[in-house]
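For reference, the structure discussed in these notes is given below.
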Amino acid sequence: MLSSAVFCLVFIAAAIAPAPVAILCGGVLFLQLGKLIAGFGIRPVAAVASATEASTRPVFSVHVATHNEPPDMVIDTLNALARQDYPRDLFEVIVMDNNTGDPALWMPVQAACASLGPRFRFLHQMGVTGAKAGALNIALTAARADASHIVTVDADYRVVPSFLSEAAEALRESGADYVQFPQAYARSDSRPAGVDMELEDYFRTDAEMADGAEAVLLTGTLSVISRAALTSVGGWSGQTTTEDAELGVRLCAAGFRGRYIGSVTGNGYLPFTLRDLDAQRYRWASGNLRTLFHHLPVLARPAGRLSLRQVRAVVAQLGAWLNFSLVPVAALSGALILTRNPDSMLLRIAALCVLLSLTEIALRLLRRGLHDRRPFGVVVQAFAARLALAPVAARATVDACLPMELRFTVTAKRPETAITLRDVPLDRLILLTLVILAAPAAAAAEPLVWLAWGAMALPVPAAVMIQKQLLRYRTGIATQGVMA
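The sequence shown begins at 1 in full-length UniProt numbering and counts up one residue at a time.
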(Lines of atoms letter the chains of each structure in order from A and count residues from 1; the text may use other names and numbers.)
(Lines give C-alpha, C1' and ligand atoms only; values in the text may rest on other atoms or scores of the structure.)
Protein backbone atom coordinates (compact mmCIF):
# COMPACT_ATOMS: atom_id res chain seq x y z
CA MET A 1 0.00 0.00 0.00
CA LEU A 2 1.26 3.47 -0.89
CA SER A 3 0.00 4.77 2.45
CA SER A 4 2.83 2.85 4.13
CA ALA A 5 5.36 4.71 1.99
CA VAL A 6 3.70 8.01 2.88
CA PHE A 7 3.89 7.13 6.57
CA CYS A 8 7.61 6.36 6.31
CA LEU A 9 8.34 9.55 4.38
CA VAL A 10 6.51 11.75 6.89
CA PHE A 11 8.13 9.84 9.79
CA ILE A 12 11.62 10.62 8.46
CA ALA A 13 10.79 14.13 7.25
CA ALA A 14 9.59 15.07 10.73
CA ALA A 15 13.21 14.88 11.84
CA ILE A 16 15.00 16.42 8.85
CA ALA A 17 12.40 18.91 7.50
CA PRO A 18 9.95 19.72 10.31
CA ALA A 19 8.60 22.96 8.79
CA PRO A 20 7.01 21.39 5.66
CA VAL A 21 5.63 18.55 7.76
CA ALA A 22 4.11 21.08 10.18
CA ILE A 23 2.42 22.81 7.24
CA LEU A 24 1.12 19.44 6.02
CA CYS A 25 -0.26 18.69 9.48
CA GLY A 26 -1.88 22.13 9.44
CA GLY A 27 -3.75 21.14 6.30
CA VAL A 28 -4.87 17.93 7.97
CA LEU A 29 -6.03 19.95 10.98
CA PHE A 30 -8.17 22.06 8.64
CA LEU A 31 -9.78 18.91 7.19
CA GLN A 32 -10.44 17.50 10.64
CA LEU A 33 -12.09 20.72 11.79
CA GLY A 34 -14.26 20.68 8.68
CA LYS A 35 -15.33 17.10 9.33
CA LEU A 36 -16.08 17.88 12.97
CA ILE A 37 -18.13 20.97 12.14
CA ALA A 38 -19.99 19.17 9.36
CA GLY A 39 -20.84 16.26 11.62
CA PHE A 40 -22.21 18.44 14.38
CA GLY A 41 -23.49 21.33 12.31
CA ILE A 42 -26.02 19.37 10.25
CA ARG A 43 -29.22 18.32 11.95
CA PRO A 44 -31.79 15.87 10.60
CA VAL A 45 -34.80 17.64 9.09
CA ALA A 46 -37.87 15.65 8.20
CA ALA A 47 -38.51 15.43 4.48
CA VAL A 48 -41.91 16.35 3.15
CA ALA A 49 -43.80 13.18 2.25
CA SER A 50 -45.36 13.11 -1.20
CA ALA A 51 -47.37 9.93 -1.35
CA THR A 52 -48.29 8.57 -4.74
CA GLU A 53 -51.62 7.04 -5.59
CA ALA A 54 -50.28 4.17 -7.67
CA SER A 55 -52.99 2.15 -9.36
CA THR A 56 -50.84 -0.95 -9.41
CA ARG A 57 -48.41 -2.48 -6.98
CA PRO A 58 -44.71 -2.43 -7.86
CA VAL A 59 -43.22 -5.51 -9.47
CA PHE A 60 -39.92 -6.39 -7.81
CA SER A 61 -36.90 -8.14 -9.28
CA VAL A 62 -34.75 -9.15 -6.31
CA HIS A 63 -31.06 -9.57 -7.13
CA VAL A 64 -28.66 -11.60 -4.96
CA ALA A 65 -25.05 -11.36 -6.17
CA THR A 66 -22.78 -14.18 -4.96
CA HIS A 67 -19.08 -15.00 -5.22
CA ASN A 68 -17.49 -17.94 -3.39
CA GLU A 69 -20.23 -17.89 -0.74
CA PRO A 70 -21.09 -20.78 1.62
CA PRO A 71 -24.06 -22.44 -0.11
CA ASP A 72 -26.03 -23.11 3.08
CA MET A 73 -25.93 -19.42 3.91
CA VAL A 74 -27.17 -18.39 0.46
CA ILE A 75 -29.94 -21.00 0.57
CA ASP A 76 -31.01 -19.60 3.94
CA THR A 77 -31.26 -16.17 2.30
CA LEU A 78 -33.34 -17.58 -0.56
CA ASN A 79 -35.70 -19.41 1.79
CA ALA A 80 -36.37 -16.14 3.60
CA LEU A 81 -37.20 -14.48 0.28
CA ALA A 82 -39.52 -17.37 -0.57
CA ARG A 83 -41.52 -16.63 2.61
CA GLN A 84 -42.49 -13.11 1.53
CA ASP A 85 -46.12 -12.16 2.11
CA TYR A 86 -46.08 -10.09 -1.08
CA PRO A 87 -48.17 -11.45 -4.01
CA ARG A 88 -46.22 -14.28 -5.57
CA ASP A 89 -46.81 -13.07 -9.12
CA LEU A 90 -45.35 -9.63 -8.36
CA PHE A 91 -41.76 -10.54 -7.56
CA GLU A 92 -38.92 -12.70 -8.77
CA VAL A 93 -35.50 -13.57 -7.36
CA ILE A 94 -32.36 -13.74 -9.50
CA VAL A 95 -29.19 -15.22 -8.03
CA MET A 96 -26.21 -13.98 -10.03
CA ASP A 97 -23.17 -16.07 -9.15
CA ASN A 98 -20.02 -14.61 -10.63
CA ASN A 99 -16.51 -16.05 -10.93
CA THR A 100 -17.02 -18.90 -8.46
CA GLY A 101 -14.78 -21.66 -9.75
CA ASP A 102 -15.72 -24.41 -7.29
CA PRO A 103 -18.95 -26.17 -8.37
CA ALA A 104 -19.43 -27.37 -4.79
CA LEU A 105 -20.19 -23.77 -3.85
CA TRP A 106 -22.62 -22.76 -6.59
CA MET A 107 -24.35 -25.99 -7.68
CA PRO A 108 -26.28 -26.47 -4.38
CA VAL A 109 -27.60 -22.92 -4.77
CA GLN A 110 -28.64 -23.70 -8.34
CA ALA A 111 -30.51 -26.76 -7.09
CA ALA A 112 -32.19 -24.72 -4.36
CA CYS A 113 -33.43 -22.19 -6.90
CA ALA A 114 -34.87 -24.98 -9.01
CA SER A 115 -36.70 -26.42 -6.01
CA LEU A 116 -38.17 -23.02 -5.07
CA GLY A 117 -39.98 -22.71 -8.39
CA PRO A 118 -39.88 -20.55 -11.52
CA ARG A 119 -39.82 -17.27 -9.55
CA PHE A 120 -36.25 -18.13 -8.53
CA ARG A 121 -33.65 -18.06 -11.28
CA PHE A 122 -29.97 -18.92 -11.01
CA LEU A 123 -27.29 -17.47 -13.26
CA HIS A 124 -23.64 -18.51 -13.16
CA GLN A 125 -20.94 -16.81 -15.20
CA MET A 126 -17.16 -16.80 -15.18
CA GLY A 127 -15.02 -13.93 -16.37
CA VAL A 128 -17.36 -11.27 -15.02
CA THR A 129 -15.61 -7.89 -14.73
CA GLY A 130 -16.52 -4.99 -12.49
CA ALA A 131 -16.86 -7.12 -9.32
CA LYS A 132 -20.31 -6.88 -7.72
CA ALA A 133 -21.37 -4.08 -10.06
CA GLY A 134 -20.71 -6.30 -13.06
CA ALA A 135 -22.78 -9.12 -11.57
CA LEU A 136 -25.67 -6.78 -10.75
CA ASN A 137 -25.68 -5.40 -14.30
CA ILE A 138 -26.02 -8.94 -15.66
CA ALA A 139 -28.94 -9.54 -13.29
CA LEU A 140 -30.47 -6.24 -14.41
CA THR A 141 -30.49 -7.30 -18.05
CA ALA A 142 -32.06 -10.64 -17.05
CA ALA A 143 -34.88 -9.09 -15.00
CA ARG A 144 -38.45 -9.78 -16.09
CA ALA A 145 -39.75 -7.23 -18.57
CA ASP A 146 -42.50 -5.87 -16.32
CA ALA A 147 -40.29 -5.37 -13.25
CA SER A 148 -40.74 -1.81 -12.01
CA HIS A 149 -38.14 -1.90 -9.21
CA ILE A 150 -34.82 -3.61 -8.59
CA VAL A 151 -34.09 -4.87 -5.07
CA THR A 152 -30.60 -5.82 -3.90
CA VAL A 153 -30.12 -8.29 -1.06
CA ASP A 154 -26.70 -9.46 0.12
CA ALA A 155 -25.99 -13.18 0.10
CA ASP A 156 -25.95 -13.38 3.92
CA TYR A 157 -29.11 -11.37 4.61
CA ARG A 158 -32.27 -13.00 5.90
CA VAL A 159 -35.18 -10.65 5.31
CA VAL A 160 -38.42 -10.61 7.28
CA PRO A 161 -41.57 -11.94 5.55
CA SER A 162 -42.96 -8.41 5.21
CA PHE A 163 -39.86 -6.95 3.54
CA LEU A 164 -41.29 -6.49 0.05
CA SER A 165 -44.64 -5.34 1.41
CA GLU A 166 -42.87 -2.72 3.52
CA ALA A 167 -40.80 -1.68 0.51
CA ALA A 168 -43.94 -1.20 -1.58
CA GLU A 169 -45.57 0.84 1.19
CA ALA A 170 -42.43 2.97 1.61
CA LEU A 171 -42.37 3.74 -2.10
CA ARG A 172 -46.05 4.68 -2.06
CA GLU A 173 -45.87 6.86 1.05
CA SER A 174 -42.65 8.66 0.15
CA GLY A 175 -43.09 8.95 -3.58
CA ALA A 176 -39.34 8.36 -3.80
CA ASP A 177 -37.49 6.87 -6.75
CA TYR A 178 -35.46 4.67 -4.44
CA VAL A 179 -35.43 3.74 -0.77
CA GLN A 180 -32.73 2.33 1.48
CA PHE A 181 -33.37 0.16 4.55
CA PRO A 182 -30.72 -0.10 7.30
CA GLN A 183 -28.20 -2.86 7.57
CA ALA A 184 -28.60 -4.84 10.78
CA TYR A 185 -26.78 -7.70 12.47
CA ALA A 186 -28.73 -9.88 14.87
CA ARG A 187 -27.98 -13.49 14.08
CA SER A 188 -26.41 -14.59 17.32
CA ASP A 189 -26.86 -13.96 21.03
CA SER A 190 -23.09 -13.42 21.13
CA ARG A 191 -23.28 -10.45 18.73
CA PRO A 192 -20.87 -7.74 19.94
CA ALA A 193 -23.16 -4.84 20.82
CA GLY A 194 -20.39 -2.25 20.54
CA VAL A 195 -19.39 -3.25 17.01
CA ASP A 196 -23.06 -3.31 16.08
CA MET A 197 -23.60 0.22 17.44
CA GLU A 198 -20.47 1.51 15.70
CA LEU A 199 -21.77 0.26 12.35
CA GLU A 200 -25.35 1.36 13.06
CA ASP A 201 -24.16 4.91 13.76
CA TYR A 202 -23.90 5.57 10.02
CA PHE A 203 -27.60 4.92 9.50
CA ARG A 204 -28.75 6.59 12.71
CA THR A 205 -26.70 9.71 11.97
CA ASP A 206 -25.67 10.18 8.34
CA ALA A 207 -28.52 8.37 6.56
CA GLU A 208 -31.20 9.96 8.74
CA MET A 209 -29.69 13.37 8.12
CA ALA A 210 -29.59 12.74 4.36
CA ASP A 211 -33.20 11.55 4.40
CA GLY A 212 -34.37 15.07 5.14
CA ALA A 213 -32.51 16.29 2.06
CA GLU A 214 -33.84 13.40 -0.02
CA ALA A 215 -30.22 12.63 -0.90
CA VAL A 216 -29.73 9.23 0.69
CA LEU A 217 -26.97 7.11 -0.81
CA LEU A 218 -27.32 3.38 -1.30
CA THR A 219 -25.48 0.91 0.92
CA GLY A 220 -25.60 -2.23 -1.19
CA THR A 221 -28.17 -4.42 0.51
CA LEU A 222 -31.88 -3.90 1.17
CA SER A 223 -31.88 -1.23 -1.53
CA VAL A 224 -35.04 -0.74 -3.62
CA ILE A 225 -34.52 1.25 -6.83
CA SER A 226 -36.84 2.30 -9.62
CA ARG A 227 -35.79 0.36 -12.69
CA ALA A 228 -36.39 3.41 -14.87
CA ALA A 229 -34.13 5.51 -12.64
CA LEU A 230 -31.43 2.83 -12.54
CA THR A 231 -31.32 2.36 -16.29
CA SER A 232 -31.49 6.08 -17.02
CA VAL A 233 -28.21 6.70 -15.16
CA GLY A 234 -26.48 3.79 -16.88
CA GLY A 235 -26.91 0.99 -14.34
CA TRP A 236 -24.23 -0.09 -11.90
CA SER A 237 -20.63 1.04 -12.24
CA GLY A 238 -17.42 -0.66 -11.15
CA GLN A 239 -15.41 2.58 -11.21
CA THR A 240 -15.09 2.48 -7.42
CA THR A 241 -15.17 -0.30 -4.84
CA THR A 242 -18.38 1.07 -3.34
CA GLU A 243 -20.67 0.69 -6.32
CA ASP A 244 -23.73 1.31 -4.15
CA ALA A 245 -22.73 4.77 -2.91
CA GLU A 246 -21.46 5.70 -6.38
CA LEU A 247 -24.83 4.83 -7.90
CA GLY A 248 -26.54 6.87 -5.19
CA VAL A 249 -24.53 9.96 -6.15
CA ARG A 250 -25.47 9.55 -9.82
CA LEU A 251 -29.14 9.12 -8.93
CA CYS A 252 -29.10 12.26 -6.80
CA ALA A 253 -27.24 14.24 -9.46
CA ALA A 254 -29.81 13.17 -12.06
CA GLY A 255 -32.63 14.56 -9.94
CA PHE A 256 -34.01 11.33 -8.54
CA ARG A 257 -35.27 11.32 -4.95
CA GLY A 258 -33.99 8.85 -2.37
CA ARG A 259 -35.36 8.20 1.11
CA TYR A 260 -34.09 6.30 4.13
CA ILE A 261 -36.57 3.96 5.81
CA GLY A 262 -35.52 3.25 9.39
CA SER A 263 -37.37 -0.02 9.99
CA VAL A 264 -35.18 -3.13 10.19
CA THR A 265 -36.33 -5.58 7.52
CA GLY A 266 -33.39 -7.98 7.42
CA ASN A 267 -30.18 -8.93 9.12
CA GLY A 268 -26.89 -10.49 8.15
CA TYR A 269 -23.49 -11.39 9.51
CA LEU A 270 -20.94 -9.13 11.07
CA PRO A 271 -17.37 -9.66 9.84
CA PHE A 272 -15.99 -12.58 11.85
CA THR A 273 -12.47 -11.28 12.53
CA LEU A 274 -10.80 -7.94 13.02
CA ARG A 275 -8.95 -8.50 9.76
CA ASP A 276 -12.28 -9.00 7.96
CA LEU A 277 -13.63 -5.89 9.67
CA ASP A 278 -10.49 -4.08 8.52
CA ALA A 279 -11.02 -5.15 4.90
CA GLN A 280 -14.63 -4.01 4.99
CA ARG A 281 -13.76 -0.63 6.50
CA TYR A 282 -10.88 -0.14 4.06
CA ARG A 283 -13.23 -0.70 1.13
CA TRP A 284 -15.90 1.60 2.52
CA ALA A 285 -13.51 4.46 3.33
CA SER A 286 -11.35 4.29 0.21
CA GLY A 287 -14.23 3.53 -2.16
CA ASN A 288 -16.38 6.37 -0.87
CA LEU A 289 -13.51 8.87 -1.04
CA ARG A 290 -12.76 7.81 -4.63
CA THR A 291 -16.47 8.28 -5.35
CA LEU A 292 -16.28 11.78 -3.89
CA PHE A 293 -13.26 12.62 -6.05
CA HIS A 294 -14.92 11.18 -9.16
CA HIS A 295 -18.10 13.21 -8.72
CA LEU A 296 -16.50 16.36 -7.31
CA PRO A 297 -17.13 18.38 -10.51
CA VAL A 298 -20.86 17.65 -10.21
CA LEU A 299 -21.01 18.24 -6.47
CA ALA A 300 -19.08 21.52 -6.72
CA ARG A 301 -21.12 22.90 -9.64
CA PRO A 302 -22.94 26.03 -8.40
CA ALA A 303 -25.81 25.77 -10.87
CA GLY A 304 -26.24 22.01 -10.69
CA ARG A 305 -29.39 20.07 -9.81
CA LEU A 306 -28.23 19.43 -6.26
CA SER A 307 -29.01 22.01 -3.61
CA LEU A 308 -26.36 23.01 -1.08
CA ARG A 309 -28.22 20.96 1.51
CA GLN A 310 -28.09 17.88 -0.72
CA VAL A 311 -24.40 18.38 -1.48
CA ARG A 312 -23.64 18.58 2.24
CA ALA A 313 -25.65 15.40 2.82
CA VAL A 314 -23.85 13.51 0.05
CA VAL A 315 -20.40 14.65 1.22
CA ALA A 316 -21.21 13.75 4.84
CA GLN A 317 -22.22 10.22 3.83
CA LEU A 318 -19.16 9.70 1.64
CA GLY A 319 -16.89 11.03 4.38
CA ALA A 320 -18.42 9.10 7.26
CA TRP A 321 -15.67 6.45 7.43
CA LEU A 322 -12.66 8.68 6.73
CA ASN A 323 -9.82 9.20 9.19
CA PHE A 324 -7.12 11.84 8.68
CA SER A 325 -4.70 10.79 11.40
CA LEU A 326 -2.03 8.91 9.41
CA VAL A 327 0.12 11.96 8.65
CA PRO A 328 -0.11 13.47 12.18
CA VAL A 329 0.70 10.13 13.83
CA ALA A 330 3.70 9.65 11.53
CA ALA A 331 4.88 13.20 12.21
CA LEU A 332 4.43 12.97 15.97
CA SER A 333 6.13 9.60 16.31
CA GLY A 334 8.96 10.57 13.95
CA ALA A 335 9.67 13.80 15.80
CA LEU A 336 9.67 12.06 19.19
CA ILE A 337 11.74 9.04 18.17
CA LEU A 338 14.29 10.42 15.69
CA THR A 339 15.24 13.77 17.25
CA ARG A 340 16.55 14.86 20.63
CA ASN A 341 15.07 18.35 20.36
CA PRO A 342 11.95 18.03 18.19
CA ASP A 343 10.40 21.10 16.63
CA SER A 344 7.84 22.41 19.14
CA MET A 345 5.45 23.80 16.51
CA LEU A 346 5.36 20.47 14.66
CA LEU A 347 4.74 18.59 17.91
CA ARG A 348 1.87 20.87 18.88
CA ILE A 349 0.13 20.79 15.51
CA ALA A 350 0.53 17.01 15.12
CA ALA A 351 -0.61 16.41 18.70
CA LEU A 352 -3.64 18.63 18.19
CA CYS A 353 -4.56 16.66 15.06
CA VAL A 354 -4.36 13.35 16.92
CA LEU A 355 -6.44 14.63 19.83
CA LEU A 356 -9.00 16.24 17.53
CA SER A 357 -9.50 12.93 15.72
CA LEU A 358 -10.05 11.20 19.06
CA THR A 359 -12.46 13.93 20.16
CA GLU A 360 -14.53 13.66 16.98
CA ILE A 361 -14.94 9.92 17.46
CA ALA A 362 -15.83 10.26 21.14
CA LEU A 363 -18.34 13.09 20.68
CA ARG A 364 -20.07 11.43 17.75
CA LEU A 365 -20.62 8.11 19.52
CA LEU A 366 -21.42 9.73 22.87
CA ARG A 367 -24.09 11.86 21.25
CA ARG A 368 -25.56 8.81 19.55
CA GLY A 369 -25.49 6.82 22.78
CA LEU A 370 -27.23 9.58 24.75
CA HIS A 371 -29.83 10.11 22.05
CA ASP A 372 -30.65 6.39 21.85
CA ARG A 373 -30.26 5.86 25.62
CA ARG A 374 -27.68 3.14 25.11
CA PRO A 375 -25.96 1.61 28.16
CA PHE A 376 -22.66 3.33 28.88
CA GLY A 377 -20.79 0.03 28.49
CA VAL A 378 -22.12 -0.38 24.94
CA VAL A 379 -21.05 3.18 24.08
CA VAL A 380 -17.55 2.42 25.38
CA GLN A 381 -17.43 -0.74 23.26
CA ALA A 382 -18.56 1.22 20.18
CA PHE A 383 -15.83 3.78 20.91
CA ALA A 384 -13.33 0.92 21.13
CA ALA A 385 -14.55 -0.46 17.80
CA ARG A 386 -14.11 2.90 16.06
CA LEU A 387 -10.65 3.29 17.63
CA ALA A 388 -9.63 -0.23 16.65
CA LEU A 389 -10.52 0.57 13.04
CA ALA A 390 -8.87 4.00 13.02
CA PRO A 391 -5.52 2.75 11.62
CA VAL A 392 -7.08 0.99 8.64
CA ALA A 393 -9.44 3.91 7.99
CA ALA A 394 -6.43 6.24 8.01
CA ARG A 395 -4.58 4.02 5.52
CA ALA A 396 -7.65 3.84 3.28
CA THR A 397 -8.06 7.61 3.33
CA VAL A 398 -4.48 8.17 2.17
CA ASP A 399 -4.53 5.35 -0.40
CA ALA A 400 -7.69 6.78 -1.99
CA CYS A 401 -5.83 10.05 -2.55
CA LEU A 402 -2.99 8.33 -4.41
CA PRO A 403 -2.80 6.92 -7.97
CA MET A 404 -3.21 3.26 -7.12
CA GLU A 405 -5.73 0.57 -8.00
CA LEU A 406 -8.26 -0.25 -5.31
CA ARG A 407 -9.64 -3.77 -5.55
CA PHE A 408 -13.04 -4.99 -4.46
CA THR A 409 -12.79 -7.54 -1.63
CA VAL A 410 -15.61 -9.82 -0.50
CA THR A 411 -16.03 -10.04 3.28
CA ALA A 412 -15.44 -13.63 4.41
CA LYS A 413 -18.54 -15.36 5.76
CA ARG A 414 -17.15 -18.63 7.10
CA PRO A 415 -17.11 -18.49 10.93
CA GLU A 416 -13.84 -20.29 11.66
CA THR A 417 -13.31 -20.39 15.42
CA ALA A 418 -9.52 -20.69 15.48
CA ILE A 419 -7.35 -17.57 15.54
CA THR A 420 -4.57 -17.71 12.95
CA LEU A 421 -1.74 -15.40 11.95
CA ARG A 422 -4.11 -13.88 9.40
CA ASP A 423 -6.10 -12.41 12.27
CA VAL A 424 -3.15 -10.55 13.80
CA PRO A 425 -3.41 -6.85 12.85
CA LEU A 426 0.15 -5.99 11.82
CA ASP A 427 -0.39 -2.24 11.69
CA ARG A 428 -1.52 -2.26 15.35
CA LEU A 429 1.69 -4.06 16.31
CA ILE A 430 3.72 -1.45 14.43
CA LEU A 431 1.78 1.30 16.17
CA LEU A 432 2.46 -0.31 19.55
CA THR A 433 6.18 -0.42 18.74
CA LEU A 434 6.20 3.27 17.83
CA VAL A 435 4.35 4.18 21.02
CA ILE A 436 6.90 2.29 23.13
CA LEU A 437 9.86 3.88 21.33
CA ALA A 438 8.36 7.36 21.70
CA ALA A 439 7.56 6.95 25.39
CA PRO A 440 10.74 8.55 26.87
CA ALA A 441 10.49 11.69 24.74
CA ALA A 442 6.72 11.95 25.22
CA ALA A 443 7.07 11.76 29.00
CA ALA A 444 9.36 14.79 28.96
CA ALA A 445 7.17 16.81 26.60
CA GLU A 446 4.37 19.25 27.35
CA PRO A 447 0.90 17.89 28.31
CA LEU A 448 -0.59 18.33 24.83
CA VAL A 449 2.10 16.06 23.39
CA TRP A 450 1.98 13.29 25.95
CA LEU A 451 -1.82 13.29 25.81
CA ALA A 452 -1.58 12.76 22.05
CA TRP A 453 1.03 10.05 22.62
CA GLY A 454 -1.44 8.28 24.91
CA ALA A 455 -4.18 8.65 22.30
CA MET A 456 -1.88 7.00 19.74
CA ALA A 457 -1.72 3.92 21.94
CA LEU A 458 -5.50 3.48 22.32
CA PRO A 459 -6.17 1.55 19.06
CA VAL A 460 -3.99 -1.31 20.34
CA PRO A 461 -6.02 -2.32 23.45
CA ALA A 462 -9.19 -1.44 21.53
CA ALA A 463 -8.20 -3.93 18.82
CA VAL A 464 -7.58 -6.63 21.44
CA MET A 465 -11.03 -5.99 22.92
CA ILE A 466 -12.82 -6.15 19.57
CA GLN A 467 -10.87 -9.24 18.49
CA LYS A 468 -12.07 -11.08 21.60
CA GLN A 469 -15.67 -9.98 21.03
CA LEU A 470 -15.58 -11.14 17.42
CA LEU A 471 -14.13 -14.47 18.52
CA ARG A 472 -17.12 -14.99 20.82
CA TYR A 473 -19.42 -13.94 18.01
CA ARG A 474 -18.07 -16.33 15.40
CA THR A 475 -17.88 -19.14 17.96
CA GLY A 476 -21.57 -18.56 18.66
CA ILE A 477 -22.40 -18.54 14.96
CA ALA A 478 -20.39 -21.73 14.34
CA THR A 479 -22.11 -23.42 17.28
CA GLN A 480 -25.62 -22.35 16.33
CA GLY A 481 -25.14 -22.96 12.63
CA VAL A 482 -26.04 -20.82 9.64
CA MET A 483 -29.78 -21.19 10.22
CA ALA A 484 -29.63 -19.56 13.66
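Glycine included, C-beta positions come from ideal geometry on N, C-alpha and C.
query	result
Cβ neighbour criterion (16 or more within 10 Å) applied to VAL10	buried
Spatial distance of PRO459 from PRO425 (CA atoms)	11 Å
Where ARG83 sits in the DSSP three-state scheme	coil
Rounded C-alpha distance that separates SER226 from THR100	29 Å
7 Å Cβ shell around LYS132 - same chain, five flanking residues per side excluded	ALA65, GLU243 and PHE408
Ranges of the alpha helix (DSSP H) found wholly within the region 73–135, counting only runs of at least 4	103–116
Segment contact, 8 Å Cβ cut-off, at least three pairs: the region 343–354 with the region 369–381	no
Beta-ladder partner(s) of ILE225, from DSSP	ILE150 and TYR178
4 or more residues per run - each alpha helix (DSSP H) lying fully within the region 209–254	227–232 and 243–253
For VAL398: DSSP bridge partner residues	Per DSSP, none; premise fails for VAL398.
Beta-carbon proximity of LEU347 to LEU332, cut-off 8 Å	yes
Buried/exposed call for LEU140, threshold 16 Cβ in 10 Å	buried
Nearest-angstrom Cα separation, counted from ALA170 out to THR221	16 Å
Spatial neighbours of LEU116 in its chain, beta-carbon cut-off 7 Å, leaving aside the 5 residues before and after	LEU78 and ALA82
Rounded C-alpha distance that separates SER286 from ARG204	22 Å
With 16 other Cβ atoms within 10 Å as the buried cut-off, status of LEU402	exposed
Strand pairing of SER61, partner residues [DSSP]	GLU92 and ILE150
Sub-8 Å separation of GLY258 and LEU247 beta-carbons	no
Limits of the unbroken alpha helix (DSSP H) element including GLY258	That residue, GLY258, is in no alpha helix (DSSP H); its beta strand (DSSP E) goes 258–260.
For LYS468, the nearest candidate out of LEU164, ILE37, VAL109 and THR273 (CA to CA)	THR273
Distance between beta carbons of MET73 and ALA135, contact taken as under 8 Å	Not really, about 17 Å apart at Cβ, beyond 8 Å.
Enclosing alpha helix (DSSP H) for TRP321 [first to last residue]	Note, TRP321: premise wrong, no alpha helix (DSSP H); not H, not E.
Contacts around ALA316, its chain only, beta-carbon distance under 8 Å, and the 5 residues preceding and following it disregarded	ALA38, GLY39, ILE42, ASP206, MET209 and ALA210
C-beta contact flag for ALA213 and ARG309 at 8 Å	yes
Buried or exposed (CB count within 10 angstroms, at least 16 for buried), SER174	buried
Assigned secondary structure, VAL379 (DSSP; H/G/I helix, E/B strand, else coil)	helix
Option nearest VAL21 by Cα separation, candidates ALA457, GLY377 and PRO328	PRO328
Beta-carbon proximity check, GLN84 vs PRO161, cutoff 8 Å	yes
Residues of its chain near PHE122, where Cβ-Cβ distance is below 6 Å and the 5 sequence neighbours each way are ignored	VAL95, GLN110 and CYS113
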